[in-house]
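Colleague: Just so you know, we're using my numbering here: the sequence shown kicks off at 1 and counts up by one.
Using N, Cα and C, we set each Cβ at its ideal position, and we do this for glycine too.
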Amino acid sequence: MELINAYRFKKRLERAWDYARSGNVVSIRFEGRRVHARVQGTGEDPYKVKLWLDVLNDEDWGYVLEALSLKARWSAQLLAGIMPQDIERAFAASGKRLFPFKLQEVRSECTCPDKANPCKHVSAVYYLMGDRFSEDPFVLFQLRGRTRSQLLADLAERRRQGAVLRQEHVPHPVHAAIADPARWWRYDAALDPDLVVITPALEGESGLEGAGPLPLAEEPRFPEANRLFLERLREQGMAMGQLAMVRAMAAGADSTTNGEESGDGAGAVG
Numbered sequence: 001m002e003l004i005n006a007y008r009f010k011k012r013l014e015r016a017w018d019y020a021r022s023g024n025v026v027s028i029r030f031e032g033r034r035v036h037a038r039v040q041g042t043g044e045d046p047y048k049v050k051l052w053l054d055v056l057n058d059e060d061w062g063y064v065l066e067a068l069s070l071k072a073r074w075s076a077q078l079l080a081g082i083m084p085q086d087i088e089r090a091f092a093a094s095g096k097r098l099f100p101f102k103l104q105e106v107r108s109e110c111t112c113p114d115k116a117n118p119c120k121h122v123s124a125v126y127y128l129m130g131d132r133f134s135e136d137p138f139v140l141f142q143l144r145g146r147t148r149s150q151l152l153a154d155l156a157e158r159r160r161q162g163a164v165l166r167q168e169h170v171p172h173p174v175h176a177a178i179a180d181p182a183r184w185w186r187y188d189a190a191l192d193p194d195l196v197v198i199t200p201a202l203e204g205e206s207g208l209e210g211a212g213p214l215p216l217a218e219e220p221r222f223p224e225a226n227r228l229f230l231e232r233l234r235e236q237g238m239a240m241g242q243l244a245m246v247r248a249m250a251a252g253a254d255s256t257t258n259g260e261e262s263g264d265g266a267g268a269v270g
């Protein structure tokens with residue numbers, strides 16, 4: 001709208017605005033990279049209007065897509081169908097623009113006899129195109145040479161390639177991975193018996209109490225079923241804990257005995 005309002009022929013703009021408001025723009029359609037419109041003037045048949053912008057080549061689009069893919073916010077907004085407010089910064093990487101900066105950058109043709117360009121019919125289409133850009137900002141991309149589907153597909157592919165490259169350049173761990181995960185939990189060196197203290201669990205500190213309330217289904221026919229089940233589970237846990245403690249203490253005693261015997265033997269040799 002700023003481009004149109006900067007046009008010096010104010011009277012022509014007033015007539016163009018009247019055309020736009022009065023419904024004289026019979027149709028607007030997009031065919032490829034051009035806008036085709038029909039505007040009813042004073043004649044019997046509507047005039048035919050064409051609008052287009054300079055198309056960016058593949059190299060320029062490569063720079064633009066690279067800039068868009070490197071900024072997560074731009075990519076996320078575009079993939080969500082939202083035009084970023086600072087999108088022009090991505091186009092500046094190639095020295096190009098998405099939005100035309102001057103009215104002369106918008107190419108136009110009209111079949112009316114008016115020699116001025118833009119004529120009131122073209123300007124009427126300009127006014128309505130501003131509304132169309134607000135509704136679907138991807139129209140500008142199409143006029144610059146990339147449809148919405150092409151842009152989003154290219155952008156998604158570049159984001160995917162970037163993720164793959166980042167994954168390939170992840171530094172290797174300092175230590176090689178353990179082939180057998182079970183080895184990670186095993187400690188092969190002997191422990192000093194003085195560092196190992198085995199005590200039975202205090203009341204209320206068993207794993208069952210630590211787990212909190214268990215989501216057991218209520219059995220209407222046996223209202224005491226859950227309570228009896230938990231008591232049996234608690235008894236089994238205590239029994240297994242005592243058995244584990246006995247075995248651990250026995251193993252510790254054997255280790256201590258073997259250590260003392262080794263020490264006595266060493267003294268005898270000395």
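1) Measuring alpha carbon to alpha carbon, tell me which residue in Leu53, Lys50, Cys119, Leu51 is nearest Arg12.
2) Apart from the five residues on each side of it in sequence, which residues of its chain come closer than 7 Å, Cβ to Cβ, to Ser94?
3) Name the residue from Leu56, Val106, His121 whose alpha carbon lies nearest to the alpha carbon of Gln40.
4) Measuring only the C-alpha atoms, how far is Asp18 from Gln161?
5) How big is the Cα-Cα spacing for Val26 and Arg38?
6) Spatial neighbours of Tyr47 within its chain, please: C-beta separation below 6 Å, excluding the five flanking residues on both sides.
7) Measure the beta-carbon distance from Ser69 to Leu152 and round it to whole angstroms, keeping in mind my assumption that it falls under 8 Å.
8) Could you tell me which of Leu216, Asp86, Tyr126, Leu143 sits nearest to Asp54, measuring between CA atoms?
9) Within 7 Å of any Cβ in chain B, is that where the Cβ of Arg21 sits?
10) If you count every other CB in all the chains shown that lies within 10 Å of the CB of Ile87, and 16 or more means buried, which is it?
11) When DSSP labels each residue in this structure, what does Gly265 get in the three-state scheme?
12) Would you identify the three-state DSSP class for Ser108, choosing helix, strand or coil?
13) For the beta strand (DSSP E) that contains Gly49, what are its first and last residues?
14) Report all residues from its chain with a CB closer than 7 Å to the CB of Arg146; omit the five preceding and five following residues, and keep chain order.
15) Where does Phe91 fall in DSSP's three states?
16) State the DSSP-derived secondary structure class of Glu14, mapped to helix, strand or coil.
17) Work out the CA separation of Phe99 and Ala92 for me, nearest whole Å.
18) For His121, verify whether its CB is less than 6 Å away from any heavy atom of the ligand FAD.
19) Where DSSP assigns a beta bridge to Arg34, which residues make up the other side?
20) Assign Leu51 to buried or exposed, taking buried as 16 or more other Cβ atoms, counted over all protein chains shown, within 10 Å of its Cβ.
21) Short of 7 Å in beta carbon distance, which residues of its chain neighbour Glu219, apart from the five on each side in sequence? Order them along the chain.
22) Pull the bridge partners of Val25 from the DSSP assignment, please.
23) What does the alpha-carbon distance come out to for the pair Asp114 and Ser22?
24) Expressed to the nearest angstrom, what Euclidean distance is found between the alpha-carbon atoms of Ser75 and Gly43?
Modeller: Quick answer:
1) The shortest CA-to-CA distance from Arg12 to any of Leu53, Lys50, Cys119, Leu51 is the one to Cys119.
2) Asp60, Tyr63, Val64
3) His121
4) 51 Å
5) 5 Å
6) Within the same chain, Tyr47 has close Cβ partners Val39, Gly41, Cys110, Thr111, Cys112, His121.
7) With 8 Å as the limit, Ser69 and Leu152 do not qualify as a contact, their Cβ atoms being about 12 Å apart.
8) Leu143
9) Note that chain B does not occur in the displayed structure, where there is just one protein chain.
10) buried
11) Here the model assigns Gly265 a pLDDT of 47, short of 50, so the residue's position is not dependable, and the following value carries that caveat. Residue state, collapsed to three classes: helix.
12) Correct three-state label for Ser108: strand.
13) The sequence given here places Val at residue 49; Gly does not occur at that position. Note, Val49: beta strand (DSSP E), 47 to 52.
14) Trp61
15) If DSSP states are grouped into helix, strand and coil, Phe91 belongs with the helices.
16) helix
17) 11 Å
18) The ligand FAD is not part of the structure shown, which contains no ligands of any sort.
19) Beta-bridge pairing links Arg34 to Glu31, Trp52.
20) Its Cβ being crowded by 16 or more others within 10 Å, Leu51 is buried.
21) Ala225
22) Val39
23) If you take the alpha carbons of Asp114 and Ser22, they lie about 20 Å apart.
24) 48 Å
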